[in-house]
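Residue numbers (the numbering used here), protein chains in the order written: chain A, 7 to 173; chain B, 1008 to 1858.
Cβ coordinates follow ideal geometry from the N, Cα and C atoms, glycine included.
Following: one structure in structure tokens, then a few remarks.
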């Protein structure tokens, strides 16, 4: 079983990425017989909640690969979070265009995901992401302007290595 | 005794008793007296002793002291008060010293002894006869009218002595009548006039030459006394001067004066044999020295006497009536001889030296002693004057030093303030007022000081800075203004006068009204001192300009030093410079602030541009990416059977959103650069159909653009305007598309998941046309409404939920302003209600385009 975490705030992008990975699994022989399992986080907060769920009895929920969008809202705008008892927010709003980097850092800090490979998939040009990428020299960066197949190839490559390492 | 003195005595003694030699050698005595004039009354007795030593053994000298007030036209009508005598060293003629040595009781008894008529003449004669050496003489006979000539007085005294002898039962005293006597008046130190009596009891004939020689001796002796008297006075004055001056003897300073004033009363008391000597200064002198040894129950009386003398300027002389001193009265009943002499400075009493005689004596303070006190007083006055001058000089130096220091500090602070943009003018002006207060030297807070400055239009003087406790009581006065123009009566306030005349003005306890030049008068000043100092500063043309005035009200008792005017003028100029500098600094600071604001705006503009470009890039890029994805899905159409129409519609929406984002950048550039909007705002009349189609089109776009995961519904309602003639309203389709698109974008970002966005339009009560976008979502505080229309503003809460640059609503507002319309934000009262974002178009106006 291959677990894939997609951190993306745009629903259509998330769905199309999911479809593309499905197609990859259907078309590539080495993934035959395997079913990709997807986890989704559409905000920074949802990623933290997902990470908090990685406790000992759910160790298997750790992903084999993570695809990060960089620009993410902190929270979805839901009516239930307001009203008479609003859900508290962090003291200062975290910069939205660095959210993906913060999530990646948390990923590295968690014992179950410290070695998990990940890809930054964003529309931000590379010069604006340069500073954040310096903290992750081994991360893969893919721009949304590029051909879609480039991202899928990177995912395929990473998962192939992952499978080999499992033996 | 000095060596000179011993040498003189030895020389006189070695001459023998030849009168001619005595005359010559008395000159040596005089020489000695010049060198030795110690403050010691026993000197007189020494002189007498020396004189006797060179005289025949049977000769003697008596000094009779008289009451100065009992002399009338060279006739003495009173009793002798004091006797000193030297008798030859012969047992036969030795008087008991205790009787004749200025003993108060003896003198008193002498004074009050019964006259010869009341005494027993037999007793007197018997005693004389018992001695048996001399014939009877009738010297004792008292004139019937009881007016004693000098001679008579002398013999009267002898008779009294005889009576005394009888009264006291002393029988050993042997008295021989004087056969030869020479009298000469003398001045006695501390005792006034006296009589020097040279006598001989020898029954011997003297020739005329002898008398002549002895007369010369007496003359020299008198000269010796007369010289000795001022001599010893000189010693006292010299001693006082020595204390007054410093150790080097060259200078008088405050410390020496204080020490001298501690010591001088005791020196005077010793010299004049007084009980108490007091030097009391008036209040303005700053010196209050009192030395009392009087018992408490008598002190008050003495103090009142001194105070009275001080008030009257001194010179009060009180004497005891001698006749009341027969017996020692009870202490409390005594009235003492008192003398007070003023210390004058420039004709005004600076202080008084008051003396009180010793208890129980018929002691009389004389006019000579007054003269002595006057001399001492003149020295004290001179010393005080010098000290005051030094103090004034010191104060002046201190004042200048302080002024320079403050001005330097103010300068330094001012220049530092220049860098900070805060010149602290109030602090500087206040410090300079503190200097002025220090120069006046009044007690802190007694003076009222203030700075009044002219308004920019120079019509009013207003208070700026205050100093003095008195101001605390008059807060309302601080707000008072003073016109620089004459009032209805043609009068100016003094401040306005000083501004116009640019002159220093100082009134001293006068009614200022009517005192001013040019018949101007002031509105306040009262009876106190009032000083007005113009604050001057140079202008660009070089002609000094008055910026305001420094006011000083002070109690009448405050002394204003001579250097005050000059210093105050300098301070006034310095204030002017600071005020001028402050104005320039403020101008520079304002310019600098403006530059900083511009810079900040430019920086913000640059930052926003970057963000906007980044955001626009993202806004353009994301739809394009989605469009690409949709196209990818189209490729899968045949497999997934998704409606081709919907896919194309979605692609169109994404592309339009990209195109709209790109258009935003263009409009923003046009607006921020201030360029003419020109064709961008070409207008055409509205129709209900066109508006309805535009809104439906935008809504349809957003149904595809908004993330399906948010489940937001979009509803369009055109019932409010359908079928209406909207042609009186004009619009630009591209701009309206931009406006509605931006409002929809905002609503889509900040609406709750699963909520609805309602698009509608209609006419207002004023027949204006509006389009509203309503949504439920992120709460809006009323304080944010105006800020939301500012460029780059994003509420803190919004930054948690969606990305953005704060451009959209600003752009809506800017576009609507150029349409001549209005953009309104009406927040929901709670999270169940809808926020309303409304754009309102008023009827067509010709100048819209120009806006």
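Cα-Cα separation between residue i and residue j, rounded to whole angstroms
{"i": "residue 995 of chain B", "j": "residue 1576 of chain B", "result": "Lying before the first or after the last residue shown, residue 995 of chain B is absent from chain B, which here runs from 1008 to 1858."}
{"i": "residue 1542 of chain B", "j": "residue 1513 of chain B", "result": "15 Å"}
{"i": "residue 1657 of chain B", "j": "residue 1809 of chain B", "result": "22 Å"}
{"i": "residue 1769 of chain B", "j": "residue 1666 of chain B", "result": "28 Å"}
{"i": "residue 88 of chain A", "j": "residue 95 of chain A", "result": "11 Å"}
{"i": "residue 32 of chain A", "j": "residue 1631 of chain B", "result": "27 Å"}
{"i": "residue 1579 of chain B", "j": "residue 1591 of chain B", "result": "18 Å"}
{"i": "residue 59 of chain A", "j": "residue 128 of chain A", "result": "26 Å"}
{"i": "residue 1844 of chain B", "j": "residue 1796 of chain B", "result": "11 Å"}
{"i": "residue 37 of chain A", "j": "residue 167 of chain A", "result": "12 Å"}
{"i": "residue 1518 of chain B", "j": "residue 1537 of chain B", "result": "Note that residue 1518 of chain B scores a pLDDT of 46, beneath 50, so its modelled location is shaky; the value from the coordinates is reported in the next line. The straight-line gap from Cα to Cα measures roughly 11 Å."}
{"i": "residue 114 of chain A", "j": "residue 142 of chain A", "result": "10 Å"}
{"i": "residue 1405 of chain B", "j": "residue 1351 of chain B", "result": "29 Å"}
{"i": "residue 1837 of chain B", "j": "residue 1702 of chain B", "result": "27 Å"}
{"i": "residue 1432 of chain B", "j": "residue 1464 of chain B", "result": "20 Å"}
{"i": "residue 99 of chain A", "j": "residue 1806 of chain B", "result": "6 Å"}
{"i": "residue 19 of chain A", "j": "residue 1734 of chain B", "result": "43 Å"}
{"i": "residue 21 of chain A", "j": "residue 117 of chain A", "result": "29 Å"}
{"i": "residue 1659 of chain B", "j": "residue 172 of chain A", "result": "46 Å"}
{"i": "residue 24 of chain A", "j": "residue 44 of chain A", "result": "8 Å"}
{"i": "residue 1276 of chain B", "j": "residue 1285 of chain B", "result": "9 Å"}
{"i": "residue 1475 of chain B", "j": "residue 1508 of chain B", "result": "27 Å"}
{"i": "residue 1045 of chain B", "j": "residue 1380 of chain B", "result": "Only weak support is given to the placement of residue 1045 of chain B: the predicted model assigns it a pLDDT of 41, under 50, and the question is left unresolved by the model."}
With 16 other Cβ atoms within 10 Å as the buried cut-off, status of residue i
{"i": "residue 47 of chain A", "result": "buried"}
{"i": "residue 70 of chain A", "result": "buried"}
{"i": "residue 1349 of chain B", "result": "buried"}
{"i": "residue 61 of chain A", "result": "exposed"}
{"i": "residue 1391 of chain B", "result": "buried"}
{"i": "residue 1752 of chain B", "result": "buried"}
{"i": "residue 1737 of chain B", "result": "buried"}
{"i": "residue 1842 of chain B", "result": "buried"}
{"i": "residue 1692 of chain B", "result": "exposed"}
{"i": "residue 1817 of chain B", "result": "buried"}
{"i": "residue 1488 of chain B", "result": "exposed"}
{"i": "residue 1742 of chain B", "result": "buried"}
{"i": "residue 1504 of chain B", "result": "buried"}
{"i": "residue 1725 of chain B", "result": "buried"}
{"i": "residue 1715 of chain B", "result": "exposed"}
{"i": "residue 39 of chain A", "result": "exposed"}
Rounded distance between the beta-carbons of residue j and residue i, thought under 8 Å
{"i": "residue 1777 of chain B", "j": "residue 1846 of chain B", "result": "7 Å"}
{"i": "residue 1859 of chain B", "j": "residue 1457 of chain B", "result": "Absent from the model: residue 1859 of chain B. The displayed extent of chain B is 1008 to 1858, so no value can be given."}
{"i": "residue 1455 of chain B", "j": "residue 1478 of chain B", "result": "6 Å"}
{"i": "residue 160 of chain A", "j": "residue 148 of chain A", "result": "6 Å"}
{"i": "residue 1471 of chain B", "j": "residue 1460 of chain B", "result": "5 Å"}
{"i": "residue 1762 of chain B", "j": "residue 1782 of chain B", "result": "7 Å"}
{"i": "residue 1388 of chain B", "j": "residue 1287 of chain B", "result": "About 14 Å separates the two Cβ atoms, so there is no contact after all."}
{"i": "residue 50 of chain A", "j": "residue 108 of chain A", "result": "7 Å"}
{"i": "residue 112 of chain A", "j": "residue 57 of chain A", "result": "6 Å"}
{"i": "residue 1270 of chain B", "j": "residue 1250 of chain B", "result": "6 Å"}
{"i": "residue 125 of chain A", "j": "residue 73 of chain A", "result": "5 Å"}
{"i": "residue 1792 of chain B", "j": "residue 1780 of chain B", "result": "Their Cβ separation, rounded to whole angstroms, is 15 Å, which puts residue 1792 of chain B and residue 1780 of chain B out of contact at 8 Å."}
Which whole runs of the beta strand (DSSP E) in the stretch 1550-1603 of chain B are 3 residues long or more, in chain order?
The qualifying runs are 1551-1561.
Stretch-stretch touch, CB-based, cutoff 8 Å, three pairs: the stretch 1708-1721 of chain B with the stretch 1758-1767 of chain B
By the Cβ criterion, the stretch 1708-1721 of chain B is in contact with the stretch 1758-1767 of chain B, since at least three pairs of Cβ atoms, one from each stretch, lie closer than 8 Å.
Could you tell me whether the stretch 69-88 of chain A touches the stretch 10-20 of chain A, where touching means 3 or more Cβ pairs closer than 8 Å?
They touch, by the three-pair rule.
Please list the segments of the alpha helix (DSSP H) lying wholly inside the stretch 1731-1809 of chain B, counting only runs of 4 or more residues, in order along the chain.
Within the stretch 1731-1809 of chain B, the runs of alpha helix (DSSP H) that reach at least 4 residues and sit entirely inside it are, in chain order, 1740-1757 and 1805-1808.
If you pair each beta-carbon of the stretch 1434-1447 of chain B with each one of the stretch 1476-1486 of chain B, do three or more pairs fall below 8 Å?
Contact fails: fewer than three Cβ-Cβ distances are below 8 Å.
Three-pair Cβ contact test at 8 Å for the stretch 1704-1711 of chain B versus the stretch 1820-1827 of chain B
No: fewer than three Cβ pairs fall under 8 Å.
If you scan the stretch 1433-1497 of chain B from start to end, which runs of the alpha helix (DSSP H) of 4 or more residues do you find wholly inside it?
Listed in chain order, the complete alpha helix (DSSP H) runs (minimum 4 residues) inside the stretch 1433-1497 of chain B are 1482-1485.
Measuring CB atoms only, is the stretch 1600-1619 of chain B touching the stretch 1553-1561 of chain B, in the sense that at least three cross pairs come out at less than 8 Å?
The count of Cβ pairs closer than 8 Å, one atom from the stretch 1600-1619 of chain B and one from the stretch 1553-1561 of chain B, stays below three, leaving the stretches out of contact.
Sequence ranges, beta strand (DSSP E) only - wholly within the stretch 96-134 of chain A, length at least 3
Those beta strand (DSSP E) runs which fall completely within the stretch 96-134 of chain A and span 3+ residues are 124-128.
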